[in-house]
Amino acid sequence: ALFAMKSDAGSHGDHTDAGRTPLRIVARAALRKVYRRTGALPPAQPVVLLLSGYAAKCRFLAGILSRYSKKVIALHPCVAQRGPDEILDLADGAGYMLEFVIPLVDSAIDVSEVLNHRLGRPSGDPATSSLRHDKFEQQEALRRSGLPAAAQCLTADVACAAEFA
Numbered sequence: 001a002l003f004a005m006k007s008d009a010g011s012h013g014d015h016t017d018a019g020r021t022p023l024r025i026v027a028r029a030a031l032r033k034v035y036r037r038t039g040a041l042p043p044a045q046p047v048v049l050l051l052s053g054y055a056a057k058c059r060f061l062a063g064i065l066s067r068y069s070k071k072v073i074a075l076h077p078c079v080a081q082r083g084p085d086e087i088l089d090l091a092d093g094a095g096y097m098l099e100f101v102i103p104l105v106d107s108a109i110d111v112s113e114v115l116n117h118r119l120g121r122p123s124g125d126p127a128t129s130s131l132r133h134d135k136f137e138q139q140e141a142l143r144r145s146g147l148p149a150a151a152q153c154l155t156a157d158v159a160c161a162a163e164f165a
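Structure below.
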């Protein structure tokens, strides 16, 4: 299923806003699907979603993807914080059907991997996405594997940070 009643990664999908609960999102998607099948709404257009705040990069990639007959839409990565269900609802409500999601910033990796996983597209495992954008976690994964890693300290305590330095 493209929409999930439970979160696929972290707290994505767990919303308290009465209009944005996963159940309401699924209901809206189901209604739009019925309306599209009956002709009350036009068919959804397949698109590639770019998550980026840099318009020039999006235009460049859209030009490349257009050579493969792919329509591209872009959303600011702040939208990714709303979770995969919200992104699907937003795209579906605008008449788009996501084919693939490309994160162009680290903050959008988690959501893009969940969406690509739901779409059946190649992507990293959503459960390990933090290893692809969290530099601290990358070093800790190396250390857990027995490989040499940079010494590091994660703390909010000034005295601890001063002692580490």
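Residues in the sequence shown are numbered consecutively from 1, following UniProt numbering.
Backbone N, C-alpha and C define an ideal beta-carbon position, used for all residues, glycine too.
Counterpart residues of residue i in DSSP-defined beta bridges
i: Val34; result: According to DSSP, Val34 bridges with nothing at all.
i: Gln152; result: Partner(s): none; Gln152 has no beta bridge.
i: Phe100; result: Val48
i: Leu75; result: Leu51
Cut-off 8 Å between Cβ atoms - residues of its own chain near residue i, not counting five sequence neighbours on either side
i: Cys58; result: Leu50, Ser52, Val72, Ala74 and Leu104
i: Asp17; result: Any reading at Asp17 needs caution, since the residue's pLDDT is 49, under 50, leaving its predicted position unreliable; the model's value is listed next. If we look at Asp17 and ignore the five residues flanking it on each side, it has no Cβ neighbours.
i: Glu137; result: Ser130 and Leu131
i: Asn116; result: Phe100, Val101, Pro122 and Ser123
Proximal residues to residue i (C-beta, below 7 Å), its chain only, five neighbours per side dropped
i: Ser11; result: Model confidence at Ser11 stands at a pLDDT of 43, short of 50, so the residue's coordinates are unreliable and nothing is read from them.
i: Thr155; result: Ala161
i: Ile64; result: none
6 Å Cβ shell around residue i - same chain, five flanking residues per side excluded
i: Gln149; result: Before going on, a small fix: residue 149 reads as Ala here, not Gln. Only Gln139, Leu142 and Arg143 meet the Cβ criterion.
i: Pro46; result: Met97 and Glu99
i: Ala62; result: Val72
i: Ala9; result: Its pLDDT being 43, under 50, Ala9 is placed unreliably in this model, and the value from its coordinates should be taken loosely. Closer than 6 Å at the Cβ level, and outside the excluded window around Ala9, lie Asp110, Val114 and Pro126.
i: Lys70; result: Val48
Outcome for residue i when other beta-carbon atoms lying within 10 angstroms are tallied against a minimum of 16
i: Ser43; result: For the sequence presented, residue 43 should be read as Pro rather than Ser. Pro43 should be labelled exposed.
i: Asp85; result: buried
i: Gly120; result: exposed
i: Glu163; result: exposed
i: Asp14; result: Model confidence at Asp14 stands at a pLDDT of 42, short of 50, so the residue's coordinates are unreliable and nothing is read from them.
i: Val34; result: exposed
Whole-number beta carbon distance between residue j and residue i, since they are thought to touch under 8 Å
i: Asp106; j: His133; result: 4 Å
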